[in-house]
Amino acid sequence: SPSSDSDAQFCVQHLLRKLGAEPYIGHRTMLAVSQRILALADSLLFMDPFDNVFPNAHSCMFLLIQLVEFLISDYIQFWTSDREIDMPLFEEWLTSVVQARKALSLLESRNGLYLLYMDRVTGELAKQVGQVSCIQTLNREILESLFH
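Under the UniProt record's numbering, the residues of the sequence shown are numbered 1 to 148, in order.
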(Lines of atoms letter the chains of each structure in order from A; the text may use other names.)
(Lines give C-alpha, C1' and ligand atoms only; values in the text may rest on other atoms or scores of the structure.)
Protein backbone atom coordinates (compact mmCIF):
# COMPACT_ATOMS: atom_id res chain seq x y z
CA SER A 1 0.00 0.00 0.00
CA PRO A 2 1.16 3.59 -0.57
CA SER A 3 1.11 4.33 3.16
CA SER A 4 3.38 1.42 4.05
CA ASP A 5 5.75 2.35 1.18
CA SER A 6 5.93 5.88 2.53
CA ASP A 7 6.53 4.61 6.07
CA ALA A 8 9.30 2.32 4.85
CA GLN A 9 10.94 5.15 2.89
CA PHE A 10 10.77 7.38 5.96
CA CYS A 11 12.35 4.66 8.13
CA VAL A 12 15.18 4.14 5.63
CA GLN A 13 15.72 7.90 5.45
CA HIS A 14 15.82 8.11 9.25
CA LEU A 15 18.27 5.19 9.47
CA LEU A 16 20.59 6.73 6.86
CA ARG A 17 20.39 10.04 8.69
CA LYS A 18 21.47 8.42 11.96
CA LEU A 19 24.20 6.33 10.31
CA GLY A 20 25.44 9.49 8.59
CA ALA A 21 26.90 10.65 11.91
CA GLU A 22 29.84 8.39 11.06
CA PRO A 23 31.87 10.40 8.48
CA TYR A 24 32.77 7.29 6.46
CA ILE A 25 29.09 6.48 5.98
CA GLY A 26 27.88 10.08 5.80
CA HIS A 27 30.16 11.13 2.94
CA ARG A 28 29.29 8.04 0.92
CA THR A 29 25.59 8.52 1.62
CA MET A 30 25.81 12.11 0.37
CA LEU A 31 27.50 10.92 -2.82
CA ALA A 32 25.04 8.08 -3.43
CA VAL A 33 21.95 10.17 -2.66
CA SER A 34 23.03 13.14 -4.77
CA GLN A 35 23.79 10.76 -7.65
CA ARG A 36 20.34 9.19 -7.18
CA ILE A 37 18.74 12.66 -7.30
CA LEU A 38 20.57 13.29 -10.57
CA ALA A 39 19.42 9.97 -12.07
CA LEU A 40 15.85 10.47 -10.86
CA ALA A 41 15.77 14.00 -12.27
CA ASP A 42 16.88 12.63 -15.63
CA SER A 43 14.15 9.98 -15.61
CA LEU A 44 11.48 12.46 -14.46
CA LEU A 45 12.40 14.71 -17.35
CA PHE A 46 11.15 12.10 -19.80
CA MET A 47 8.51 10.43 -17.64
CA ASP A 48 4.84 10.80 -18.43
CA PRO A 49 3.28 12.58 -15.42
CA PHE A 50 0.27 10.27 -15.82
CA ASP A 51 2.43 7.14 -15.56
CA ASN A 52 1.62 5.02 -12.50
CA VAL A 53 5.19 5.28 -11.17
CA PHE A 54 5.26 9.09 -11.30
CA PRO A 55 3.78 9.68 -7.80
CA ASN A 56 6.34 7.32 -6.24
CA ALA A 57 9.20 8.98 -8.11
CA HIS A 58 7.89 12.37 -7.00
CA SER A 59 7.74 11.43 -3.31
CA CYS A 60 11.12 9.68 -3.56
CA MET A 61 12.66 12.89 -4.94
CA PHE A 62 11.50 14.91 -1.95
CA LEU A 63 12.72 12.27 0.51
CA LEU A 64 16.15 12.23 -1.16
CA ILE A 65 16.47 16.03 -1.15
CA GLN A 66 15.29 16.08 2.45
CA LEU A 67 17.92 13.49 3.41
CA VAL A 68 20.65 15.63 1.83
CA GLU A 69 19.32 18.64 3.74
CA PHE A 70 19.32 16.73 7.04
CA LEU A 71 22.83 15.35 6.55
CA ILE A 72 24.18 18.81 5.71
CA SER A 73 22.55 20.53 8.66
CA ASP A 74 23.30 17.71 11.11
CA TYR A 75 26.84 16.70 10.24
CA ILE A 76 28.84 18.81 7.79
CA GLN A 77 30.61 20.77 10.52
CA PHE A 78 31.43 17.54 12.35
CA TRP A 79 32.61 15.75 9.19
CA THR A 80 34.88 18.61 8.16
CA SER A 81 36.41 19.04 11.61
CA ASP A 82 37.89 15.55 11.26
CA ARG A 83 41.61 15.79 10.50
CA GLU A 84 41.34 12.55 8.56
CA ILE A 85 38.74 13.91 6.12
CA ASP A 86 38.72 12.17 2.75
CA MET A 87 39.07 15.38 0.72
CA PRO A 88 38.64 13.78 -2.74
CA LEU A 89 35.40 12.12 -1.59
CA PHE A 90 34.20 15.36 0.03
CA GLU A 91 34.86 17.24 -3.21
CA GLU A 92 33.20 14.50 -5.24
CA TRP A 93 29.95 14.68 -3.33
CA LEU A 94 30.01 18.50 -3.30
CA THR A 95 30.27 18.36 -7.09
CA SER A 96 27.53 15.75 -7.24
CA VAL A 97 25.14 17.91 -5.19
CA VAL A 98 25.77 20.86 -7.54
CA GLN A 99 25.17 18.59 -10.55
CA ALA A 100 21.93 17.33 -9.00
CA ARG A 101 20.80 20.92 -8.55
CA LYS A 102 21.55 21.64 -12.22
CA ALA A 103 19.63 18.54 -13.29
CA LEU A 104 16.65 19.68 -11.24
CA SER A 105 16.73 23.07 -12.93
CA LEU A 106 15.78 21.27 -16.16
CA LEU A 107 12.60 20.11 -14.42
CA GLU A 108 11.61 23.62 -13.39
CA SER A 109 8.88 23.87 -16.02
CA ARG A 110 7.36 20.61 -14.76
CA ASN A 111 7.79 21.08 -11.05
CA GLY A 112 9.52 24.18 -9.73
CA LEU A 113 9.28 22.87 -6.17
CA TYR A 114 12.21 20.50 -6.74
CA LEU A 115 14.39 23.40 -7.79
CA LEU A 116 13.22 25.66 -4.95
CA TYR A 117 13.93 22.95 -2.41
CA MET A 118 17.31 22.07 -3.90
CA ASP A 119 18.22 25.78 -4.06
CA ARG A 120 17.52 26.00 -0.33
CA VAL A 121 19.63 22.88 0.30
CA THR A 122 22.58 24.06 -1.82
CA GLY A 123 22.33 27.49 -0.19
CA GLU A 124 22.66 25.86 3.22
CA LEU A 125 25.50 23.70 1.90
CA ALA A 126 27.34 26.79 0.64
CA LYS A 127 26.81 28.50 4.00
CA GLN A 128 28.11 25.47 5.91
CA VAL A 129 31.08 24.91 3.57
CA GLY A 130 31.97 28.59 3.92
CA GLN A 131 32.47 27.98 7.64
CA VAL A 132 34.60 24.82 7.50
CA SER A 133 38.25 24.98 8.41
CA CYS A 134 39.37 22.97 5.38
CA ILE A 135 37.85 25.40 2.86
CA GLN A 136 41.31 26.60 1.79
CA THR A 137 42.19 23.09 0.60
CA LEU A 138 39.04 22.59 -1.48
CA ASN A 139 39.24 22.68 -5.25
CA ARG A 140 38.51 26.26 -6.42
CA GLU A 141 36.31 25.10 -9.32
CA ILE A 142 34.11 23.16 -6.93
CA LEU A 143 33.81 26.14 -4.62
CA GLU A 144 32.94 28.44 -7.53
CA SER A 145 30.24 26.07 -8.75
CA LEU A 146 28.83 25.81 -5.24
CA PHE A 147 28.77 29.56 -4.59
CA HIS A 148 27.33 30.50 -8.00
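Note that the Cβ used here is the ideal one computed from N, Cα and C, for glycine as well.
{"Check": "Residues of its chain near W93, where Cβ-Cβ distance is below 7 angstroms and the 5 sequence neighbours each way are ignored", "Outcome": "H27, M30, L31, S34"}
{"Check": "Selected residue, minimal CA-CA separation from A8, among L63, E141, L71", "Outcome": "L63"}
{"Check": "Rounded C-alpha distance that separates T95 from S3", "Outcome": "34 angstroms"}
{"Check": "For H14, three-class secondary structure by DSSP", "Outcome": "helix"}
{"Check": "Under the three-state DSSP convention, the category S133 falls into", "Outcome": "helix"}
{"Check": "Contact set for T137: own chain, Cβ-Cβ below 7 angstroms, skip 5 residues either direction", "Outcome": "M87"}
{"Check": "As assigned by DSSP and simplified to three states, the class of Q85", "Outcome": "Position check: residue 85 holds Ile in this sequence, whereas Gln was assumed. Of the three classes helix, strand and coil, the one that applies to I85 here is coil, per DSSP."}
{"Check": "E91 versus R110: straight-line alpha-carbon distance, rounded", "Outcome": "30 angstroms"}
{"Check": "Assumed close pair A41, L104 - CB separation to whole angstroms, cut-off 8 angstroms", "Outcome": "5 angstroms"}
{"Check": "Where G26 falls: helix, strand or coil (DSSP)", "Outcome": "helix"}
{"Check": "Reduced DSSP secondary structure (H/G/I, E/B, other) of F50", "Outcome": "coil"}
{"Check": "Neighbourhood of M47 by C-beta, 7 angstroms cutoff - its chain only, sequence neighbours within 5 removed", "Outcome": "F54, A57"}
{"Check": "Beta-carbon proximity of E124 to I72, cut-off 8 angstroms", "Outcome": "yes"}
{"Check": "Span separating the alpha-carbon of L38 from that of C11", "Outcome": "22 angstroms"}
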